[in-house]
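So this is what it looks like as structure tokens:
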């Protein structure tokens, strides 16, 4: 049951390969696959909330030796959000991706990507996590460079090299961790560490893992690949990347570091705190300097990942809960902003703010959709972003981290400025854009994900107390008993 | 002896990785990958934990070959576009 999302994605990917000349078959299959993944994810969340963490062991071996899948509340919530994003991404791809790429196996790659993401969220074994990372990276390399323009190939190459270096780091860390503890099953590892303490070799291993995951999460000083590659991808796929790929890195950091708080590896958290602060500031400054909407939004990812890491680098239950809430808010809002860009790209014919304008008169719908997500990202009540920032500030205040509080507020202000830049130029400035040449009626389907994701932002904002309760439950599961 | 092998592979791998040539970079990643596979083998020494690293290395080798292929494809395409072997001269012209 809990591995169903992975198998459904695999099956969908293979079936789309089988009969790829028939676009209708491929598209409907893709949609059916995504919908059933979402359905299963809802079911998994319900099961985990009612009956506690679920697990499954492959290969008939007893627990520490078998390949285990383990889903607790954190994994279940992330599976839910990522399958929602996968569904919205599928609809958006059907609506916007040009026929050329659809015939060339776009959906196959897309579902392999999803398989990697679902796998990374549901595995309970470190080496298995490495394998899922590779699965999702392989498909994302091809998805970035799919269009074979100069920028997408070069962006794809940079993206590939830096991420492979991070994977090598990951593997090196695995070797050290295994040498120190003798197991790679995450829960077994945590139990052994609690009993035996953390040796020097183990700390080296964990540090290497932290470096690897920080590269994948796009933290300072490892974020340069991100704004170079995301804008080069097709907008529909950039939306899925922006929502999920860096967040897989953040999830891995949470998963590895937080259960070990209290031990010697606790000393890594202050470094992460520093890295998070710098990426918050540099990300938003980079966004201010961009003229390409996708570039601006890509830099925002760096800044927002900074917020998420900042929360859990505090190491407290409140901080971890805040970062989980932030994840649930951020994944959805970021994807929605990129999907708005996909819409703008079709209506206005460009993604450069200098060549866009007066969209407010032309298409009020997209203006409203964009404004809701943008305000949520900045942090305006009653949207989810406001509560995410409130909880962040609360957890920072609780430990009297004044610098963090000040920077959070200043960065929010700069985020507002860069969003204003998009708003004034794209929607407000009088400008004669060329008449849109829609070739396909399928384009109108893009409205569906935009509306769904905005409803999510609004409802998470309105039900913030209940969602935060869930996030606290996650935090209590993760933070070891002695540290609460 | 094994440790020396790992060290040598790491040195060569990192040196190639830092070279400015596309091909050097790709080969460097390959060599580094082999170094890390040996490191994994070393991590399982002693007691009864030798079996798992061998299984892990087998998987890692397969993944490594796949990655090499992907990188070579990207590098070839990139070379065709830019006519530039030197990674330092890649410009970032957005739009």
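Chains as they are written, first to last, in our numbering: chain A, 620 to 1103; chain B, 1078 to 1172. C-beta atoms are modelled at their ideal positions from N, C-alpha and C, and glycine is treated no differently.
query: Relative to the C-alpha of residue 783 of chain A, which residue among A:804, A:760 and A:767 is closest?
result: By one-based count along the first chain, residue 783 of chain A stands at place 164. Residue 783 of chain A has its Cα closest to that of A:760, out of A:804, A:760 and A:767.
task: Please classify residue 662 of chain A: does DSSP put it in a helix, a strand, or coil?
output: For the purposes of this step, residue 662 of chain A is taken as residue 43 along the first chain, with counting starting at 1. In this structure, residue 662 of chain A counts as helix in the three-state DSSP scheme.
message: Just to confirm, is the Cβ distance from residue 737 of chain A to residue 698 of chain A under 8 angstroms?
response: On the first chain, residue 737 of chain A is found 118 positions in, with the first residue counted as 1. On the first chain, residue 698 of chain A is found 79 positions in, with the first residue counted as 1. The answer is yes: Cβ separation under 8 angstroms.
field: C-alpha gap between residue 1150 of chain A and residue 869 of chain A, whole angstroms
entry: The structure shown does not extend to residue 1150 of chain A, since chain A spans only 620 to 1103, so no value can be given for it.
message: Could you tell me the alpha carbon to alpha carbon distance between residue 897 of chain A and residue 934 of chain A, rounded to whole angstroms?
response: Residue 897 of chain A sits at position 278 when you count from the first residue of the first chain. Residue 934 of chain A sits at position 315 when you count from the first residue of the first chain. Each residue's alpha carbon lies about 18 angstroms from the other.
field: Between the CA atoms of residue 860 of chain A and residue 771 of chain A - distance to the nearest angstrom
entry: Taking the first residue of the first chain as position 1, residue 771 of chain A is located at position 152. Taking the first residue of the first chain as position 1, residue 860 of chain A is located at position 241. About 14 angstroms.
field: Exposure label - residue 1081 of chain B; buried when at least 16 CB within 10 Å
entry: As a working mapping, residue 1081 of chain B is identified with position 4 in the second chain. Looking at its Cβ environment, which holds fewer than 16 other Cβ atoms inside 10 Å, residue 1081 of chain B is exposed.
message: Please classify residue 1036 of chain A as buried or exposed, where buried requires at least 16 other C-beta atoms within 10 Å of its C-beta.
response: Working through the first chain from its first residue, we reach residue 1036 of chain A at position 417. The residue in question, residue 1036 of chain A, is exposed, as its Cβ has fewer than 16 Cβ neighbours within 10 Å.
- request: Please confirm if residue 1113 of chain B has its CB atom under 8 angstroms from at least one CB of chain A.
  value: The sequence position of residue 1113 of chain B within the second chain is 36, counting from 1. Cβ-Cβ to chain A under 8 angstroms: yes for residue 1113 of chain B.
- prompt: For residue 1024 of chain A, which residues of its own chain have a beta-carbon under 7 angstroms away from its beta-carbon, when the five flanking residues on both sides are left out?
  reply: If you number the first chain from 1, residue 1024 of chain A lands on position 405. Within the same chain, residue 1024 of chain A has close Cβ partners 1012, 1015 and 1016.
message: My assumption, with CB atoms under 8 angstroms, is that residue 690 of chain A sits in contact with residue 954 of chain A. Please give the rounded CB distance.
response: One-based indexing of the first chain puts residue 690 of chain A at position 71. One-based indexing of the first chain puts residue 954 of chain A at position 335. With 8 angstroms as the limit, residue 690 of chain A and residue 954 of chain A do not qualify as a contact, their Cβ atoms being about 22 angstroms apart.
message: With distance defined between alpha-carbon atoms, name the residue in A:880, A:750 and A:780 nearest to residue 1137 of chain B.
response: Residue 1137 of chain B sits at position 60 when you count from the first residue of the second chain. Residue 1137 of chain B has its Cα closest to that of A:750, out of A:880, A:750 and A:780.
query: How far does the beta strand (DSSP E) with residue 687 of chain A in it reach, from first residue to last?
result: Working through the first chain from its first residue, we reach residue 687 of chain A at position 68. Where residue 687 of chain A is concerned, the enclosing beta strand (DSSP E) stretches over 686–690.
- request: Pick helix, strand or coil for residue 1145 of chain B, following the three-state DSSP scheme.
  value: The residue labelled residue 1145 of chain B in the question sits at position 68 within the second chain. It is helical.
- prompt: Which residues bound the beta strand (DSSP E) around residue 675 of chain A?
  reply: Residue mapping note: residue 675 of chain A aligns to position 56 of the first chain, counting from 1. Here the beta strand (DSSP E) through residue 675 of chain A covers 673–677.
message: Is there a C-beta anywhere in chain B that falls below 8 angstroms from the one on residue 764 of chain A?
response: Taking the first residue of the first chain as 1, we reach residue 764 of chain A at position 145. Output row for residue 764 of chain A: interface = yes.
message: Quick check on the burial criterion: 16 or more other C-beta atoms within 10 angstroms. Buried or exposed for residue 768 of chain A?
response: As a position in the first chain, residue 768 of chain A is number 149, starting the count at 1. The residue is exposed, with fewer than 16 neighbouring Cβ atoms inside 10 Å.
query: When you compare only the Cα positions, how much space is there between residue 890 of chain A and residue 899 of chain A?
result: Position 271 of the first chain holds residue 890 of chain A. Position 280 of the first chain holds residue 899 of chain A. If you take the alpha carbons of residue 890 of chain A and residue 899 of chain A, they lie about 14 angstroms apart.
field: Which residues DSSP lists as bridging residue 742 of chain A, in chain order
entry: As a first step, residue 742 of chain A must be located in the first chain, where it is residue number 123. Looking at the DSSP assignment, residue 742 of chain A forms a beta bridge with A:688.
- prompt: Quick one: is residue 1148 of chain B near chain A, going by C-beta distance under 8 angstroms?
  reply: In the second chain, residue 1148 of chain B corresponds to position 71, counting from 1. Chain A, which has a Cβ nearer than 8 angstroms to the Cβ of residue 1148 of chain B, makes this yes.
task: Just list the alpha helix (DSSP H) runs in the region 953–984 of chain A, keeping only unbroken ones of 4 residues or longer that don't cross its boundaries, in chain order.
output: 978–981
As assigned by DSSP and simplified to three states, the class of residue 911 of chain A: Walking along the first chain from the start, residue 911 of chain A turns up at place 292. Looking at residue 911 of chain A - three-state DSSP - the assignment turns out to be strand.
query: Shorter than 8 angstroms from the beta carbon of residue 1152 of chain B to some beta carbon of chain A?
result: For the purposes of this step, residue 1152 of chain B is taken as the residue at position 75 of the second chain. Yes, residue 1152 of chain B lies at the interface with chain A (some Cβ there is under 8 angstroms from its Cβ).
message: Below 8 angstroms on the Cβ atoms is my contact criterion, and I expect residue 882 of chain A with residue 806 of chain A to pass it. Report the Cβ-Cβ distance as a whole number of Å.
response: Locating residue 882 of chain A in the first chain gives position 263, where the first residue counts as 1. Locating residue 806 of chain A in the first chain gives position 187, where the first residue counts as 1. Incorrect: roughly 16 angstroms between the Cβ atoms, too far for contact.
- prompt: The alpha helix (DSSP H) spanning residue 1096 of chain A covers which residue range?
  reply: Here residue 1096 of chain A is taken as the residue at index 477 of the first chain, counted from 1. Counting along the chain, the alpha helix (DSSP H) containing residue 1096 of chain A begins and ends at 1083–1097.
- prompt: Below 8 angstroms, can you find three or more Cβ-Cβ pairs linking the region 961–981 of chain A to the region 1062–1069 of chain A?
  reply: yes
Min CB distance residue 1093 of chain B to chain A below 8 angstroms: The residue labelled residue 1093 of chain B in the question sits at position 16 within the second chain. Taking Cβ atoms only, chain A never reaches closer than 8 angstroms to residue 1093 of chain B, which makes this a no.
query: In the region 917–949 of chain A, which residues sit with their C-beta less than 8 angstroms from some C-beta in chain B, listed in chain order?
result: none
Close beta carbons around residue 986 of chain A, own chain, < 8 angstroms, minus the five adjacent residues each side: For the purposes of this step, residue 986 of chain A is taken as the residue at position 367 of the first chain. So the list reads 978, 979 and 1046, once near-sequence residues are dropped.
Inter-residue CB distance, residue 1072 of chain A and residue 951 of chain A (contact presumed, cutoff 8 angstroms): The residue labelled residue 1072 of chain A in the question sits at position 453 within the first chain. The residue labelled residue 951 of chain A in the question sits at position 332 within the first chain. 5 angstroms between Cβ atoms; contact.
task: Under 8 angstroms between beta-carbons, which chain A residues line up against residue 1121 of chain B? List them in chain order, please.
output: As a working mapping, residue 1121 of chain B is identified with position 44 in the second chain. Those are 797 and 798, listed as they occur along chain A.
task: Please classify residue 1029 of chain A: is it buried, with 16 or more other beta-carbons within 10 angstroms of its beta-carbon, or exposed?
output: Position 410 of the first chain holds residue 1029 of chain A. The residue in question, residue 1029 of chain A, is exposed, as its Cβ has fewer than 16 Cβ neighbours within 10 Å.
query: Between residue 708 of chain A and residue 858 of chain A, is the Cβ-Cβ spacing less than 8 angstroms?
result: Along the first chain, read from residue 1 onward, the residue named residue 708 of chain A stands at position 89. Along the first chain, read from residue 1 onward, the residue named residue 858 of chain A stands at position 239. The answer is yes: Cβ separation under 8 angstroms.
- prompt: Should residue 720 of chain A be labelled buried (16 or more other beta-carbon atoms within 10 Å of its own) or exposed?
  reply: Locating residue 720 of chain A in the first chain gives position 101, where the first residue counts as 1. Residue 720 of chain A is buried by the Cβ-count criterion.
message: Can you pull the chain A neighbours of residue 1135 of chain B, defined as C-beta to C-beta under 9 angstroms?
response: As a first step, residue 1135 of chain B must be located in the second chain, where it is residue number 58. Chain A residues near residue 1135 of chain B: none, gap ~11 angstroms exceeds 9 angstroms.
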